[in-house]
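K.L.:
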Ligand code: PLP
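Numbering (full-length UniProt numbering), first residue to last: 1 to 477.
1. In or out: residue 92 buried (at least 16 other Cβ within 10 Å) or exposed?
2. Should residue 362 and residue 461 be called a contact, given that it needs their Cβ atoms to be closer than 8 Å?
3. Taking just the CA atoms, how far does residue 108 sit from residue 230?
4. Just the C-alpha distance for residue 306 and residue 440, rounded to the nearest angstrom, thanks.
5. When the Cα atoms are used, what is the spatial distance from residue 160 to residue 336?
6. Considering only the beta carbon of each residue, do residue 139 and residue 318 sit closer than 8 Å?
7. DSSP puts residue 407 in a beta bridge; with which residues?
8. Please go through the same chain and pick out, in chain order, the residues whose beta-carbon is closer than 6 Å to the beta-carbon of residue 81, but skip the five residues on each side of it.
9. In angstroms with no decimal places, state the Cα-to-Cα distance between residue 221 and residue 245.
10. Straight-line CA distance for residue 406 to residue 174?
11. Please give the ranges of any alpha helix (DSSP H) in the segment 149–214, keeping only runs that are unbroken, at least 4 residues long and fully inside the region.
12. Which parts of the segment 240–296 are runs of the beta strand (DSSP E), unbroken and 3 residues or longer, counting only runs that do not cross its ends?
13. Would you list, in sequence order, the uninterrupted beta strand (DSSP E) runs of no fewer than 3 residues that lie entirely inside the segment 37–101?
14. Counting Cβ pairs, one atom from each stretch, are 3 or more of them under 8 Å apart for the segment 209–218 and the segment 193–201?
15. Expressed to the nearest angstrom, what Euclidean distance is found between the alpha-carbon atoms of residue 323 and residue 347?
16. Since residue 328 sits in a beta bridge, which residues does DSSP pair it with?
17. Taking the alpha carbon of residue 14 as the point to measure from, which residue in 87, 392 and 67 has its own alpha carbon closest?
18. Looking at C-alpha atoms only, which residue of 51, 451 and 418 is the closest neighbour of residue 470?
19. Grab the span of the beta strand (DSSP E) containing residue 433 for me, first residue to last.
20. What residue range is occupied by the uninterrupted alpha helix (DSSP H) comprising residue 464?
21. With a cut-off of 8 Å on the beta carbons, I'd call residue 269 and residue 155 a contact; round off their distance for me.
22. Would you give the residue range spanned by the alpha helix (DSSP H) that residue 381 belongs to?
23. Could you give the distance in angstroms between the alpha-carbon of residue 393 and the alpha-carbon of residue 415?
24. Starting from the C-beta of residue 278, find all residues in its chain whose C-beta is less than 6 Å away, skip the five residues before and the five after it, and write them out in chain order.
25. Closer than 7 Å to a non-hydrogen atom of ligand 1 - does that hold for the CB of residue 407?
26. Ligand 1 and residue 271: does the residue's C-beta get closer than 7 Å to at least one heavy atom of that ligand?
27. Determine the extent of the alpha helix (DSSP H) in which residue 315 is found, giving its start and end residues.
28. Give the DSSP bridge partners of residue 338, in chain order.
29. Could you give the DSSP three-state label for residue 17: helix, strand or coil?
30. Indicate whether at least one CB of chain C lies closer than 8 Å to the CB of residue 448.
31. By the DSSP assignment, the alpha helix (DSSP H) with residue 123 in it spans what residues?
32. Rank 341, 398 and 467 by C-alpha distance to the C-alpha of residue 420 and give the top, closest one.
33. In this structure, how does DSSP classify residue 145 when only helix, strand and coil are distinguished?
34. Go to residue 129, then tell me how far its alpha helix (DSSP H) extends in each direction, as first and last residue.
35. Checking the sheet assignment: what are the DSSP bridge partners for residue 134?
36. Per the DSSP calculation, residue 236 is bridged to which residue(s)?
Given below as structure tokens:
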């Protein structure tokens, strides 16, 4: 493909994406395909001779779209938002067009330096403690990871190395393997699955401590677990607190957990994957109270801050710990400016890395702080509106509401809400997923799409009401 054909193909694709976005409400949010559908639509082998881009573009509608769950449909209210905005899409395009690999400063200075600047912009936007920022004069700094899962794992591996070093100094008789076998991590039973997985991948026992009746991990619970483990000769090492749990958007009590972690010299990692974006608005920053105790902090701009995946922002107060854990040198990776700017290869799992800061730069410049705040406030306002609709209907109760998430149920036995959830999913007009709150089955309704309007909330509510009538009808028979 030459550059002229690229211009034509690229422009046609931009039109396609814009049309997709403009007409997304016309598509059912969930697909009707069966497993194996795609195998029937394309050949089993790559074509021998190159095809025309027009034919490929045509096949997007025939082959791909029938199997797409429309995460950006205003009728998508499941999981949590996944960000998508035109500035970020264009940023991705430029990143692919430049196609550099910024594993160290010299490999592409702009790639490293824009990331340093963007992580400072973002940290300031959230009002993170200065110690996390690269511009604070200390060892703090931020880096873009691929996911919150990776961030939790990286913090765990770093905490592990740090603890092994500290412990070995105090107990030179113990081998590194002895120490590693005794390390314990803690999180709540409400933490995202990725936290438990980090324990598996990092070979560290991860205790899922019971959250309280509001799904919050409390200091007393952590303290008791640490005491139990110390008595058994184990070595407490790492704590993951969640700000905005996946199920009910609960906020672990950092003001209780933080001082315990600091006294016990444990690494405190904060997973604010979804809720972190709300901290761009001053009125939601109280949810971060106690963040000063954290060793590392992570949230996903690719969830709620209009930056397309992948873009997970991780800050640490002391980046030297990352370098001590992950630095592996080779002659071909060295350069003469080492130590002046971060060499991000030491701050992550892979060696190579994409120019992801571009899309963050585009979004923050084109929306501005005001535009980003407006986006968050609009979405929370729509969730408040949905909450009001539920509250005003005697058949339902709101179990919990935080930020853009409303958990609700039909009053009475669980089976009624389970049946409602089933009907909604079968009809594919709106998409929600369930969870349990205080042992009751609830439906999670999240305002996800950037395109959602009040009319879309009304549409969802009408769908819920009509299907609830069905549920009561079925319950009678
Ligand atoms: N942490 C929380 C609180 C989440 O809600 C999620 C995803 O929904 C994750 C972590 C995982 O995020 P990622 O897919 O970026 O690993």
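Each residue gets a CB set at the ideal place from its N, CA and C atoms; glycine is no exception.
P.N.:
Let me lay it out:
1. It is buried - the Cβ of residue 92 has at least 16 other Cβ atoms within 10 Å.
2. Contact: no.
3. Rounded to the nearest angstrom, the two C-alpha atoms are 47 Å apart.
4. Cα to Cα, residue 306 sits roughly 33 Å from residue 440.
5. Roughly 31 Å separates the two Cα atoms.
6. Yes, Cβ-Cβ distance for residue 139 and residue 318 is below 8 Å.
7. Partner(s): 400 and 444.
8. Here the set comprises 303, 304 and 448.
9. Between the alpha carbons of residue 221 and residue 245 lies a gap of roughly 17 Å.
10. The alpha-carbon separation between residue 406 and residue 174 amounts to approximately 51 Å.
11. Whole alpha helix (DSSP H) segments, 4+ residues: 176–182 and 193–201.
12. List check, beta strand (DSSP E) in window: 267–271.
13. List check, beta strand (DSSP E) in window: nothing returned.
14. As far as the Cβ criterion goes, the segment 209–218 does not touch the segment 193–201, which means the pair count is below three.
15. Rounded to whole angstroms, the separation of the alpha carbons of residue 347 and residue 323 is 6 Å.
16. Answer is none; residue 328 lacks a bridge partner.
17. Relative to the Cα of residue 14, the nearest Cα in the group 87, 392 and 67 belongs to 87.
18. Considering only alpha carbons, the answer is 418.
19. Segment 433–437, the beta strand (DSSP E) holding residue 433.
20. Note, residue 464: alpha helix (DSSP H), 454–476.
21. Sure, about 4 Å apart at Cβ, within 8 Å.
22. Element bounds for residue 381: 357–391.
23. Computed Cα separation, rounded: 19 Å.
24. Contacts found: 284, 376 and 403.
25. No, Cβ of residue 407 sits at least 7 Å from all heavy atoms of ligand 1.
26. Yes, Cβ of residue 271 sits closer than 7 Å to a heavy atom of ligand 1.
27. Counting along the chain, residue 315 falls outside any alpha helix (DSSP H), though it belongs to the beta strand (DSSP E) covering 312–316.
28. When DSSP reads this structure, residue 338 sits in a beta bridge with 341.
29. DSSP, reduced to helix, strand and coil, places residue 17 within a helical segment of the structure shown.
30. Protein chain content of the structure displayed is limited to a single chain, and chain C is not contained in it.
31. Start and end: 109–125.
32. Minimum Cα distance to residue 420 is reached at 467.
33. Of the three classes helix, strand and coil, the one that applies to residue 145 here is strand, per DSSP.
34. For residue 129, no alpha helix (DSSP H) run applies, since DSSP gives it neither H nor E.
35. Note: residue 134 sits in no beta bridge, so no partner.
36. Answer by DSSP bridge pairing, in chain order: 184.
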